[in-house]
Ligand SMILES: [Zn+2]
Ligand SMILES: [Zn+2]
Ligand SMILES: [Zn+2]
Ligand SMILES: [Zn+2]
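Residue numbers (our numbering): 50 to 200.
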């Protein structure tokens, strides 16, 4: 399946494949994708490579350009280690230092939980499942105040 999209950088209409997981990469047309890709030199092996970071001037661009991995794909992959998720038991690869959960479970644990009403300002906030486990591990009571009121 393909769908037409208007390139936000140059206004040209182009086709995107929608049933592809990497389609989120297809934010701009192919020309702009190439034009806006920045050149990097791999810190490990010295190979130069380019990576698309977005349209200059848009939200988050500066941060992305600064944060982007300075390793080429090969070196990046070499850094990936295999871990077993403590939640679902599946193996996954990550570049992080000893992650407990696979990205899917991590996301889930950080987006579900219990709504708590702040005793100071009465705003409800989410006490996530990940936080709950952390508090439980440390033998702490669930927070009674929202992040703002906790200071
Ligand atoms: Zn374009
Ligand atoms: Zn490299
Ligand atoms: Zn998992
Ligand atoms: Zn509050």
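Where is the CB? At the ideal position from N, CA and C, for every residue including glycine.
Rounded to the nearest whole angstrom, the C-alpha separation of residue 101 and residue 137 is 33 Å. If you draw a straight line from the Cα of residue 133 to the Cα of residue 61, it comes to about 45 Å. Non-local beta-carbon contacts of residue 93 in its own chain, meaning distances under 7 Å to residues more than five positions away in sequence, involve 120, 124 in chain order. Shortest Cα-Cα distance from residue 130 to any of 84, 182, 116, 146 involves 146. Judged by beta-carbon spacing, residue 148 lies beyond the 8 Å limit of residue 165, meaning their Cβ atoms are not closer than that value.
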